[in-house]
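Chemist:
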Ligand code: APR
Ligand code: ZN
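Residue numbers (full-length UniProt numbering): 2 to 374.
#1: How about residue 38 and residue 150: do their beta carbons lie closer than 8 Å?
#2: With a threshold of 6 Å on Cβ separation, who are the neighbours of residue 118 within its own chain once the five nearest residues in sequence on each side are excluded?
#3: Looking at the structure shown, is residue 271 part of a helix, part of a strand, or coil, going by DSSP?
#4: Does residue 251 pass the burial test, meaning 16 or more other C-beta atoms within 10 Å, or should it be called exposed?
#5: Residues in the same chain with beta-carbon distance under 7 Å from residue 203, minus the five sequence neighbours each way, listed in chain order, please.
#6: State the beta-bridge partners of residue 351 as determined by DSSP.
#7: Per DSSP, which residues does residue 27 bridge with? Please list them.
#8: Confirm, please, whether the CB-CB distance from residue 171 to residue 68 is below 8 Å.
#9: To the nearest angstrom, how far is the alpha carbon of residue 125 from that of residue 374?
#10: In the structure shown, what three-state DSSP assignment does residue 123 receive?
#11: Just the C-alpha distance for residue 81 and residue 96, rounded to the nearest angstrom, thanks.
#12: For residue 87, name the three-state secondary structure that DSSP assigns.
#13: Span of the beta strand (DSSP E) holding residue 213?
#14: Expressed to the nearest angstrom, what Euclidean distance is found between the alpha-carbon atoms of residue 144 and residue 21?
#15: Could you say if the region 275-285 and the region 229-242 meet the contact criterion of at least three C-beta pairs nearer than 8 Å?
#16: Which parts of the region 220-285 are runs of the beta strand (DSSP E), unbroken and 3 residues or longer, counting only runs that do not cross its ends?
#17: Tell me whether residue 106 is buried or exposed, calling it buried when 16 or more other Cβ atoms sit within 10 Å of its Cβ.
#18: Would the region 346-359 and the region 304-323 be scored as touching if the rule is three or more Cβ pairs under 8 Å?
#19: Have a look at 156, 16 and 57 and flag the residue whose alpha-carbon is nearest the alpha-carbon of residue 110.
#20: Could you check if residue 244 is buried or exposed, using at least 16 other CB atoms within 10 Å of its CB as the buried criterion?
#21: According to the Cβ coordinates, are residue 253 and residue 262 closer than 8 Å?
#22: Quick one: Cα of residue 226 to Cα of residue 212, how far?
#23: Closer than 7 Å to a non-hydrogen atom of the ligand APR - does that hold for the CB of residue 280?
#24: May I have the straight-line CA-CA distance separating residue 72 from residue 24, to the nearest angstrom?
#25: Just to confirm, does residue 42 get its C-beta within under 7 Å of one of the non-hydrogen atoms of the ligand ZN?
#26: Let me confirm a value: residue 15 is counted as buried when at least 16 other C-beta atoms fall within 10 Å, else exposed. Which label applies?
#27: For residue 3, which residues does DSSP report across the bridge?
#28: Whose C-beta lies closer than 7 Å to the C-beta of residue 357 among residues of the same chain, with five residues either side of it excluded?
#29: Going residue by residue through the region 284-372, where are the continuous alpha helix (DSSP H) segments of at least 4 residues, counting only ones entirely within it?
#30: At the level of alpha carbons, what is the spacing between residue 102 and residue 112?
#31: Report buried or exposed for residue 283, applying the criterion of at least 16 other Cβ atoms within 10 angstroms of its Cβ.
#32: Taking 7 Å as the cut-off, is the beta-carbon of residue 175 closer than that to any non-hydrogen atom of the ligand ZN?
#33: Report yes if the C-beta distance between residue 186 and residue 315 is below 8 Å; otherwise report no.
#34: Given 7 Å as the limit, tell me if residue 68 has its C-beta closer than that to any heavy atom belonging to the ligand ZN.
#35: Short check: CB of residue 168 to CB of residue 343, under 8 Å?
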């Protein structure tokens, strides 16, 4: 077997921004508290695109990807929550169960996360990947665009043995991020009006959550009209393309609703659309959730006097779920037909077609494309 040995396999390496290729890499065995995983599938998420474009300060070369499903190959000393052969998901936000956020009843942004800021290492500051003798960094402590990866135990969760592994990778990130923002964080109410800015993989999961919560009107906003038929199929009732409107989109939402939206979600990561979402909300009781990751040096500037009227601005990460506690239940809900993630997966491609998959993503032809190993 491969236990205790370095594995040589194929992985995608981002050498610098906008430069990615599939290479032969070496993957070291897991150290104490770590898990080595044979990947089965990985989604391509908007956050990976931020990484590939160099929008987050990260150490290159690195192996991208975080929305992964796989099977545990081996575990390091002291690992107790997973064992070889288990089906698992990788978690961009871990749950250490020791830090302030993990111990607080409402917190989920674990201190051990590696998104803000990104070190690109394991918890001990070292890396498990190399290529041609050169050290290769991790991304978000996950790295899933690889046949094998090593992840801290706190960033892995065991899921139901019956889970279809070519699909459930989305439940590692996009589904809890979007669906959870609507049902768990915003707690969208029956009969409400929602507006969702960005109809990509995560925005579509928000739509699923709004629909499941009984929203009666769901306005979808995107500059790419190719997303509209998919969005309508998920439950979006009105589609708006800001580029084709004669007025700012928030004014159009105000006119359409008369009083503004009950809930607005920003799922793009631009400050302009965050402001548009905020300005689309009802002045008194509207709730605006920011899900998109804005560029690190950007600032959000709001009209300060208008906040006193009562509206809420809230950031949300991974749907406010404590990840290891809550994500397995979402897989079970999917298996029991309580959530249907299938419509979010518009494309599945073998890993060696990575460049084709990235092209589909960049030309806006997908909701979610899943890589299969
Ligand atoms: N106005 C409206 N829609 C826009 C705009 C804009 N100015 N710019 C981009 N979009 C749309 C794109 O056309 C696309 O449909 O936003 C959508 C983004 O979707 P994806 O690229 O699939 O990204 P996704 O994985 O959904 O993530 C979105 O959420 O979790 C965060 O880090 C993630 O910031 C990212 C965001
Ligand atoms: Zn993600």
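Every residue gets a Cβ at the ideal spot worked out from N, C-alpha and C, and that includes glycine.
Modeler: Looking at the coordinates:
#1: yes
#2: none
#3: Residue 271 sits in coil when the DSSP states are folded into three classes, being neither helix nor strand.
#4: buried
#5: For residue 203, where only same-chain residues beyond five positions count, the Cβ hits under 7 Å are 47, 175, 178, 179, 268 and 292.
#6: 373
#7: 9 and 131
#8: yes
#9: 28 Å
#10: coil
#11: Answer to the nearest angstrom: the Cα atoms are 14 Å apart.
#12: coil
#13: Where residue 213 is concerned, there is no enclosing beta strand (DSSP E), although the alpha helix (DSSP H) around it starts and stops at 202-213.
#14: 14 Å
#15: no
#16: 239-241 and 264-267
#17: exposed
#18: No, the region 346-359 is not in contact with the region 304-323.
#19: 156
#20: exposed
#21: no
#22: 21 Å
#23: no
#24: 22 Å
#25: Not so, every heavy atom of the ligand ZN lies at least 7 Å from the Cβ.
#26: buried
#27: Residue 3 is not bridged to any residue.
#28: 350
#29: Listed in chain order, the complete alpha helix (DSSP H) runs (minimum 4 residues) inside the region 284-372 are 324-336 and 355-363.
#30: 7 Å
#31: buried
#32: Distances taken from the Cβ of residue 175 to the heavy atoms of the ligand ZN include one shorter than 7 Å.
#33: yes
#34: yes
#35: Taking C-beta atoms as the reference points, residue 168 and residue 343 count as a pair closer than 8 Å.
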